[in-house]
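One structure is given here, and the rest of the page talks about it.
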Amino acid sequence: MGLPWGLLLLAVVLGRTAATRCPTPCVCDNLRARVLCLHGNLTAIPEAIPQLTKNLDLRGNSFVVIPVGAFLATPYLTHLDLQHCKVERLEEGAFRGLGRLVYLNLASNGIALLYQESLDGLSSLQQLILKGNRIEEIQPGAFGHLGSLTVLDLRANALVYLPDMVFQGLQVLRWLRLSHNALHVLGSEAFAALPALRRLSLDHNELQALPSEALARLDGAIRLDLGHNPITYIAEEALAMASLKHLFLDHAALQDVAPNAFTRSPQLRTLDLRENQLQGLLPLAGARRLERVSLVGNPLLCSCLLRPFHRWLARVRVQVEGACAAPLALRGRPLDSLRPPEMRCGRPQPRPSPTTPSEQSRVASSGQCPLGCSCSPDFHHVSCENRDLREIPQGFPRDTRLLDLRQNAFGTVPPGAFPGLKELVSLHLQSCSIRTLHPGALQGLESLVYLYLTDNHLSTLAATAFKGAPQLAYLDLDRNAFTRLPSHAFQLLPNLISLHLQHNAIRELVDGDLARAGGLRWLYLAGNAIQHIAPAALAPAKMLEKLHLEENHLSEMPTAALQGLPALSELKLSHNPIKRLGDGAFLPVASSLQHLYLDNMGLEWISSGAFAGLGPKIRSLYLESNKMSNVPDMSNFTGLEILNLKDVPFHCDCQLLPLWRWIDKLNLHVGATCGSPAEARGLKVKLSTTFLTCPGWGRGEAGGARPDKTRAAGKPSKKKRPGKSPARGFKSSRA
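According to mature numbering (1 follows the signal peptide of the UniProt record, and there is no 0), the sequence shown holds residues -19 to -1, 1 to 716 in order.
The following block contains the structure:
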């Protein structure tokens, strides 16, 4: 039966109205629910886009800023393309209302920073393309609401550093693309929150060593791309990735690979080592499932030293690609065509690189290579690691950018130790028995950004120790013998961003310790003996974002010392003997704090006002392994992604009812169990029936009645407003 004439006429009129509702200069295809507004010089998102549009293409416009709620009028969008739109900033909440969006392309814009709420509201998003922006920093929590994302493309940005848990919330992400950035440093927990990741692309970065700790968190990853990084050596058991099948380390700076480098990656099938500086390999113990090794483009020396590797290839039936570079009689011969008797040992052959005629002109133009060191002119990289050197060599190529002097026995670094190295960016002096860094030791290193002095015997630093290295940004002094901060030395480091002083013997932080360290963003002081922090000790570091004080001897919460730190987002106090937290313990940093670690402290009591000021910005809270029997009201922590209450002896009586009611709503695994009374011991707080006998157990937080039969019938007593649910942004796994 057809529609009545009146309804049919109304449908036609509405259809024509919808068809004509198309903003200039866009093209609207209502049949396909698609709108194209390409290269229209638009400076704002058009307002008259049909509400039922599913595919919106805005490429080639000039928006600059995507404001809050820019797409609230088009809630049915599934695909949104904003490439080449000169976007510089995504305001917090820019994409709210797009709960159906599965594809978002923001490539080739000018975005420099991802804020915590920039991508809020995209709960169904599966692909996010941010390639070709200027992203230098990702604030922790930026991806916290993207629980459906499977592909994240961050290629060709300006990322230098990945902090811990930066990808928190991406529970189903399968491919993370970080190629063509400037990554130097990866936090050990940078990839800790990616349980479903299968492919990681880190090629074309500035990684100088395999980021073993960070990669070890990726149990399920199958493919890893690390090509085009200046990595010189793969150490013993360096790669511990249980599911890894395909590893690409092509076009790096590899000079050696330890025989058991891949023992802890037992599923490895493909190993791509093309275009490195390998003269040979030893049998790769533990790589029992390896099927293919590519050594194409390496200066392979097919002497008797290569026989063990050659025999191993035949025995385990591994396909090999590559050809001999020397000796002359075998040059160009494929490895798989050789017979063992042909691989003879005679006089030592010169290294094909960098001293062959084809390279001599380049080396001559930039200086020679000191005796006992290996120089890579293509990568501006020099390694003198573990050569039993007593003095720092001289005569490095003038264009050296990375100098690796680890594991020698210098004892001291004299003035002017590195003459002529104006282009040096990274200097490694770990484990060199250094007791003294003389004034002017770094004189002339005007491009130095990274200085690693870990595992030495330094206890003091002269005020002029870093004179001549004004660009120094990352300073690692872990595992030395400092008993206080070498404060005067920082006065000549105006660009210092990251300071590592972990596992020293520092006993207190006093006023002036961080004088003129105004640009410091990350301060790592774990594993010292700090008992006291003066109220103004940290105040000069007004840009401080991350403060690690775990494993010290603090017995009181250093609340006063947090004054004047408006940017602090991460505070670690784990493993300090702090027994009590009073009112307003975190009030000075309440407006910025996102990650708070209070675990394993022996906490016995937390006042009801201890968390005053903290609220929706808190993303992770660690309270596990403490001794309190209750916790304060945290119902306004609506942005939580991690809450750990494991091994806390909660007393499950009616006083705990607010906590029970709150965690019952959370979409998080919190691990809370009852410690008492005896009949409830060991039960999950969420599952305990003790609370069913409490007065008002069925009432909502606002006091409205919510009897059991109403809940069972699916009729809540109070309608929730969008965006106000305590579970917004939570993970999918339940406690």
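Note that CB positions come from ideal geometry on N, CA and C, so glycine has one too.
Close beta carbons around R292, own chain, < 6 Å, minus the five adjacent residues each side: none
Short of 6 Å in beta carbon distance, which residues of its chain neighbour L473, apart from the five on each side in sequence? Order them along the chain. Excluding five sequence positions before and after L473, the CB atoms of its chain that fall closer than 6 Å to its own CB belong to F447, K448, given in chain order.
Just to check my reading of the structure: L501 and L482 have Cβ atoms closer than 8 Å, yes? What is that Cβ distance to the nearest angstrom? Incorrect: roughly 12 Å between the Cβ atoms, too far for contact.
Whole-angstrom distance between V16 and T59, CA atom to CA atom: 12 Å
Use the C-beta contact count for H438: other C-beta atoms within 10 angstroms, 16 or more gives buried, fewer gives exposed. exposed
Consult DSSP for F631 and reduce its assignment to one of helix, strand or coil. F631 carries a strand assignment under DSSP once its states are collapsed to helix, strand and coil.
Under a three-way DSSP split, which group does C285 fall into? helix
Q544: which of T393, H529, R561, S572 sits nearest, CA to CA? Considering only alpha carbons, the answer is S572.
Enumerate, from N- to C-terminal direction, the unbroken beta strand (DSSP E) stretches of 3 or more residues contained entirely within the stretch 451 to 526. 455 to 457, 479 to 481, 503 to 505
Once the 5 residues before and after T337 are set aside, which same chain residues still bring their CB inside 6 Å of it? Any answer about T337 is weak, because its pLDDT of 34 lies below 50 and its placement is not dependable; what the coordinates show is given next. Here the set comprises nothing.
Helix, strand or coil for F172 per DSSP? coil
Given this structure, state the Cα-to-Cα distance separating A268 from C365, to the nearest angstrom. 29 Å
Determine the direct distance from the alpha carbon of S89 to that of S43, and round the result to whole angstroms. 12 Å
Have a look at T251, E218, S275, S193 and flag the residue whose alpha-carbon is nearest the alpha-carbon of H232. Relative to H232, the option among T251, E218, S275, S193 whose CA is nearest is S275.
Please classify S407 as buried or exposed, where buried requires at least 16 neighbouring CB atoms within 10 angstroms. buried
Can you tell which of D459, R81, F463 has its C-alpha closest to the C-alpha of residue 718? Examination of residue 718 is not possible in this model, given that the chain is present from -19 through 716 alone.
Could you pull out every residue in the same chain whose Cβ sits closer than 6 Å to the Cβ of residue 733, ignoring the five residues on either side in sequence? The structure shown does not extend to residue 733, since the chain is modelled only from -19 to 716, so the question has no answer here.
Below 8 Å CB to CB, which residues in the same chain sit around R250 once its five sequence neighbours on both sides are set aside? K226, H227, R270, L271, E272, R273
Does the distance from the CB of G78 to the CB of S104 come in under 8 Å? Going by C-beta atoms, G78 is not nearer than 8 Å to S104.
Taking the alpha carbon of residue 720 as the reference point, which residue from D634, G594, P400 has its own alpha carbon closest? Since the displayed the chain opens at -19 and closes at 716, residue 720 lies outside it and no answer follows.
Given this structure, state the Cα-to-Cα distance separating residue 798 from S357, to the nearest angstrom. Since the first and last residues shown for the chain are -19 and 716, residue 798 lies out of range.
Own chain residues within Cβ distance below 6 Å of I623, not counting five before or after: S601
Per-residue DSSP class, three states only, for A646: Per the sequence shown, residue 646 should be read as Lys rather than Ala. DSSP places K646 in helix when its eight states are reduced to three.
A266 and R245 - do their beta-carbons sit closer together than 8 Å? Cβ atoms of R245 and A266: not closer than 8 Å.
Of the residues S160, Q189, A139, which one's Cα is nearest the Cα of L383? Q189
I need the straight-line Cα distance from I30 to C3, nearest angstrom please. 6 Å
Which two residues bound the contiguous beta strand (DSSP E) that contains A306? 305 to 307
Is the beta carbon of W641 sitting closer than 8 Å to the one on V666? yes
Going straight from the alpha carbon of P400 to that of V238, what length do you get? 31 Å
Classification of R662 by the beta-carbon crowding that lies within 10 angstroms, buried from 16 upward: Exposed, because fewer than 16 other Cβ atoms sit within 10 Å of the Cβ of R662.
With distances taken between CB atoms, is the gap from V49 to Y455 smaller than 8 Å? no
Here's a check: name, in chain order, each residue in its chain whose Cβ is nearer than 6 Å to the Cβ of Y142, leaving out the five neighbours to either side. V166
Helix, strand or coil: which one does DSSP assign to P322? helix
Residue interval of the alpha helix (DSSP H) (run including L196): 193 to 196
State the DSSP-derived secondary structure class of K553, mapped to helix, strand or coil. strand
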